[in-house]
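> Using my numbering, the first residue of the sequence shown is number 7, and each one after it goes up by one.
Ideal Cβ positions, reconstructed from N, Cα and C, are used throughout, including at glycine.
Structure incoming, see below.
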Amino acid sequence: PTLYFDPRQEGKLDRLIGNSSQLPDGEMRRAGRLIDRIRAKGLTKYNISGAVPDIPGGARHVLVVGQVEDDASVTFGAGDVRTNLDLLRRARQDNPDATILWKPHPDVEAGLRTGTVASADLKGLADIALLNIGAAEALELADEVWTITSTLGFEALIRGRSVTCLGMPFYAGRGLTRDLVARPEHRAGHDVTLAQLVHACLIGYPRYFDPRTGAPLSPENALALLTDGIETPPVNRWAAWLQSLIPTFGR
Numbered sequence: 007p008t009l010y011f012d013p014r015q016e017g018k019l020d021r022l023i024g025n026s027s028q029l030p031d032g033e034m035r036r037a038g039r040l041i042d043r044i045r046a047k048g049l050t051k052y053n054i055s056g057a058v059p060d061i062p063g064g065a066r067h068v069l070v071v072g073q074v075e076d077d078a079s080v081t082f083g084a085g086d087v088r089t090n091l092d093l094l095r096r097a098r099q100d101n102p103d104a105t106i107l108w109k110p111h112p113d114v115e116a117g118l119r120t121g122t123v124a125s126a127d128l129k130g131l132a133d134i135a136l137l138n139i140g141a142a143e144a145l146e147l148a149d150e151v152w153t154i155t156s157t158l159g160f161e162a163l164i165r166g167r168s169v170t171c172l173g174m175p176f177y178a179g180r181g182l183t184r185d186l187v188a189r190p191e192h193r194a195g196h197d198v199t200l201a202q203l204v205h206a207c208l209i210g211y212p213r214y215f216d217p218r219t220g221a222p223l224s225p226e227n228a229l230a231l232l233t234d235g236i237e238t239p240p241v242n243r244w245a246a247w248l249q250s251l252i253p254t255f256g257r
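So this is what it looks like as structure tokens:
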């Protein structure tokens, strides 16, 4: 089967998103409530919390989101821009007067994966590096987000931010993002609302399980566990724990 991070062929998630306009009003309200709760609770993929630097006012704030450069979503979904350094260069080229905020991927920042941009290379490209701070805090600072294929772009859409994609992640090519690469033919004519996208991606597509018992969970109960019901795991274990909660997302 085609996995969600490979845009070259239509997969199950594409079909769910494409058919989301047929969902009843009650399911759209359900998706809206999920969006509201994610925003209110500040839920993100990585449970990282650090000091937020002072950001100068005046100019538009463009958040450039780094990725693991050998990640499958980059391998299959990137266009000509395939590295974090080239992403920064393009963002600066198109936004010469903006304040560029650079957020490296947490695994890259920790030295665990590929994609480091040297400090010397950041000069002239990024005004401020957001190190060891959470995605929710970073998104609060941003007027616009630039990414290749990062899931943080999806989180940005949920929070009402403009998103520019230099690749074709699962949420791009749907009329919600500014896409700098051509969308695949199977996504043409399938523009959706944010609620429709969220329903497909967080309600229709994944299956959630309680990591303590293995019992299936609704998306709403999974969100409650993540935000209210379980003591926060150590930071380095957060991503793996979250993946254990939704092990079938990806098919």
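1. How about residue 83: is its Cβ closer than 8 Å to a heavy atom in the ligand GDP?
2. State buried or exposed for residue 109, treating a residue as buried only when at least 16 other CB atoms are found within 10 Å of its CB.
3. Let me know if residue 58 comes out buried or exposed under the rule of 16 or more other beta-carbons within 10 Å of its beta-carbon.
4. Check residue 265 in the structure and name its three-state DSSP category.
5. How many angstroms separate the CA atom of residue 210 from the CA atom of residue 181?
6. Report all residues from its chain with a CB closer than 8 Å to the CB of residue 81; omit the five preceding and five following residues, and keep chain order.
7. Measure the C-alpha to C-alpha separation of residue 77 and residue 227 and round it to an integer number of angstroms.
8. Residue 21 by DSSP, collapsed to three states: which one?
9. If you follow the beta strand (DSSP E) that residue 109 is in, where does it begin and where does it stop?
10. Nearest CA to the CA of residue 225: which residue from 219, 214, 218 and 234?
11. Among the candidates 231, 202, 170 and 197, whose CA atom is the shortest distance from the CA of residue 37?
12. Excluding sequence positions up to five away, which residues of its chain have a Cβ less than 8 Å from the Cβ of residue 95?
13. Leaving aside the five residues before and after residue 105 along the sequence, list all residues of the same chain whose C-beta is less than 6 Å from its C-beta, in chain order.
14. State the beta-bridge partners of residue 185 as determined by DSSP.
15. When you compare the CB positions of residue 178 and residue 155, do they come within less than 9 Å of one another, or not?
16. For the structure I just gave you, are there three or more beta carbon pairs, one from the stretch 18-30 and one from the stretch 186-204, closer than 8 Å?
In brief:
1. This structure lacks the ligand GDP; in fact it carries no ligand of any kind.
2. In the sequence shown, the residue the question calls residue 109 occupies position 103. Buried.
3. As a position in the sequence shown, residue 58 is number 52, starting the count at 1. By the neighbour-count rule (16 or more Cβ atoms within 10 Å), residue 58 is not buried but exposed.
4. Absent from the structure is residue 265, since the part of the chain shown begins at 7 and ends at 257.
5. As a first step, residue 210 must be located in the sequence shown, where it is residue number 204. As a first step, residue 181 must be located in the sequence shown, where it is residue number 175. Using only the alpha carbons, I get a separation of about 20 Å.
6. Here residue 81 refers to the residue found at position 75 when the sequence shown is read from its first residue. If we look at residue 81 and ignore the five residues flanking it on each side, it has no Cβ neighbours.
7. The residue labelled residue 77 in the question sits at position 71 within the sequence shown. The residue labelled residue 227 in the question sits at position 221 within the sequence shown. Using only the alpha carbons, I get a separation of about 29 Å.
8. For the purposes of this step, residue 21 is taken as residue 15 along the sequence shown, with counting starting at 1. Three-state result, residue 21: helix.
9. The residue you call residue 109 lines up with position 103 of the sequence shown. Residue 109 -> beta strand (DSSP E) spans 105-109.
10. Position 219 of the sequence shown, counted from the start, is the residue given in the question as residue 225. Among 219, 214, 218 and 234, the Cα nearest to that of residue 225 is on 214.
11. The residue you call residue 37 lines up with position 31 of the sequence shown. The option with the nearest alpha carbon to residue 37 is 202.
12. If you number the sequence shown from 1, residue 95 lands on position 89. Taken in chain order, the residues that qualify are 131.
13. For the purposes of this step, residue 105 is taken as residue 99 along the sequence shown, with counting starting at 1. Excluding sequence neighbours, residue 105 sits near 65, 67 and 133.
14. Indexing the sequence shown from 1 puts residue 185 at position 179. Looking at the DSSP assignment, residue 185 forms a beta bridge with 171.
15. By 1-based counting over the sequence shown, the position of residue 178 is 172. By 1-based counting over the sequence shown, the position of residue 155 is 149. Taking 9 Å as the Cβ cut-off, residue 178 and residue 155 qualify as a contacting pair.
16. yes
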